[in-house]
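In this text, residue positions in the sequence shown follow full-length UniProt numbering: the first is 5, and each later residue adds one.
By construction, the Cβ of each residue, glycine as well, lies at the ideal position given by its N, Cα and C atoms.
Here's the structure, in structure tokens; my notes come after.
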Amino acid sequence: GNKNINAKLVLLGDVGAGKSSLVLRFVKGQFVEFQESTIGAAFFSQTVAVNDATVKFEIWDTAGQERYHSLAPMYYRGAAAAIIVYDITNKDSFERAKKWVQELQAQGNSNMVMALAGNKSDLLDARKVAAEEAKTYGEENGLFFMETSAKAATNVNDLFYEIAKRLPRL
Ligand code: GDP
Ligand code: MG
Numbered sequence: 005g006n007k008n009i010n011a012k013l014v015l016l017g018d019v020g021a022g023k024s025s026l027v028l029r030f031v032k033g034q035f036v037e038f039q040e041s042t043i044g045a046a047f048f049s050q051t052v053a054v055n056d057a058t059v060k061f062e063i064w065d066t067a068g069q070e071r072y073h074s075l076a077p078m079y080y081r082g083a084a085a086a087i088i089v090y091d092i093t094n095k096d097s098f099e100r101a102k103k104w105v106q107e108l109q110a111q112g113n114s115n116m117v118m119a120l121a122g123n124k125s126d127l128l129d130a131r132k133v134a135a136e137e138a139k140t141y142g143e144e145n146g147l148f149f150m151e152t153s154a155k156a157a158t159n160v161n162d163l164f165y166e167i168a169k170r171l172p173r174l
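As structure tokens, then:
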């Protein structure tokens with residue numbers, strides 16, 4: 005039969021990579037050019053239907069707390085899934101994303117589903133991180149990788165859908 009799964013999902017990555025924008029696009033279908041770093045509400049929920057299950061994501065967005073790294077463990081504790089976001093136009097944000105991956109591999113749930121999102125794929129002319137490099141990194145580290153654009157709505161629903169498919173069926 006069809007299963008109902010509740011899954012806590014967190015987004016990690018540099019300030020400005022587009023975490024809040026991905027959430028806003030996924031949950032409300034909107035994009036804001038000048039997203040405030042403190043958008044108030046930190047919790048969203050959205051449901052995705054995959055073939056054998058209905059997954060209700062409980063999404064925790066940070067309101068800029070990602071600057072304070074020490075708060076992170078509290079934030080990702082109990083998460084079934086994490087999206088590690090970088091900005092394809094910012095090499096540092098990719099290096100930072102790798103640090104988050106290492107931390108989650110060391111400290112997170114052992115069966116956490118991890119996705120690497122190279123966001124702002126609409127800004128092709130300003131690209132600093134090759135898709136191939138990120139894809140290889142993802143393969144070597146057990147994450148699945150997608151380039152996304154919260155602005156152009158590219159691969160945002162797909163990203164959450166792929167996570168929903170990969171969650172363990174209890
Ligand atoms: P956060 O700090 O990781 O939550 O990043 P935000 O969601 O606040 O986004 C930071 C800035 O990048 C904002 O000005 C957004 O409008 C912009 N932004 C986010 N996603 C995209 C995208 O896919 N394409 C473009 N061009 N800009 C984006
Ligand atoms: Mg944000």
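Legend entry - Candidates 160, 20, 169 and 172: closest to residue 27 by CA position: Along the sequence shown, one-based indexing puts residue 27 at 23. Nearest of 160, 20, 169 and 172 to residue 27, Cα basis: 160.
Legend entry - Residues of its chain near residue 180, where Cβ-Cβ distance is below 7 Å and the 5 sequence neighbours each way are ignored: Limits of the chain in this structure are 5 at one end and 174 at the other, which puts residue 180 out of reach.
Inset, instruction - Just confirm the distance between the C-beta atoms of residue 61 and residue 49, as a whole number of angstroms; I'd bet it's less than 8 Å. - result: Translated into positions along the sequence shown, residue 61 becomes position 57. Translated into positions along the sequence shown, residue 49 becomes position 45. Right, their Cβ atoms sit about 6 Å apart.
Inset, instruction - Compute the Euclidean distance between the alpha carbons of residue 15 and residue 129, then round it to the nearest angstrom. - result: The residue given as residue 15 occupies position 11 in the sequence shown. The residue given as residue 129 occupies position 125 in the sequence shown. A direct Cα-Cα distance of roughly 26 Å separates residue 15 from residue 129.
Inset, instruction - Indicate, with yes or no, if the ligand GDP has a heavy atom lying under 7 Å from the CB of residue 127. - result: Taking the sequence shown and counting its residues from 1, one reaches residue 127 at position 123. Indeed, a heavy atom of the ligand GDP lies less than 7 Å from the Cβ.
Legend entry - residue 33 classed as buried or exposed, judged by whether at least 16 other C-beta atoms fall within 10 angstroms: Taking the first residue of the sequence shown as position 1, residue 33 is located at position 29. Classification of residue 33: exposed, given that the 10 Å Cβ count is below 16.
Inset, instruction - Express the C-alpha separation of residue 119 and residue 133 in angstroms, rounding to a whole number. - result: Position 129 of the sequence shown holds residue 133. Position 115 of the sequence shown holds residue 119. C-alpha separation (whole angstroms): 17 Å.
Inset, instruction - For residue 105, name the three-state secondary structure that DSSP assigns. - result: Your numbering for residue 105 matches position 101 in the sequence shown. For residue 105, the three-state secondary structure derived from DSSP is helix.
Legend entry - Endpoints, the beta strand (DSSP E) within which residue 127 is located: Against the sequence shown, residue 127 aligns to sequence position 123. Where residue 127 is concerned, there is no enclosing beta strand (DSSP E), because DSSP gives it neither an H nor an E.
Inset, instruction - State the Cα-Cα distance for the pair residue 57 and residue 103, rounded to the nearest angstrom. - result: Start at 1 with the first residue of the sequence shown, and residue 57 comes out as number 53. Start at 1 with the first residue of the sequence shown, and residue 103 comes out as number 99. In a straight line, the C-alpha of residue 57 is about 32 Å away from that of residue 103.
Legend entry - Any C-beta of chain B under 8 Å from that of residue 111: Of the protein chains in this structure there is only one, and it is not chain B.
Legend entry - Between the CA atoms of residue 107 and residue 91 - distance to the nearest angstrom: Start at 1 with the first residue of the sequence shown, and residue 91 comes out as number 87. Start at 1 with the first residue of the sequence shown, and residue 107 comes out as number 103. So the alpha carbons of these two residues sit roughly 19 Å apart.
Legend entry - Nearest candidate by alpha-carbon position, reference residue 97, set 18, 6, 9 and 7: If you number the sequence shown from 1, residue 97 lands on position 93. The shortest CA-to-CA distance from residue 97 to any of 18, 6, 9 and 7 is the one to 18.
Legend entry - Expected contact under 8 Å - CB spacing of residue 168 and residue 89 to nearest Å: Numbered from its first residue, the sequence shown carries residue 168 at position 164. Numbered from its first residue, the sequence shown carries residue 89 at position 85. Not confirmed; about 18 Å, so no contact.
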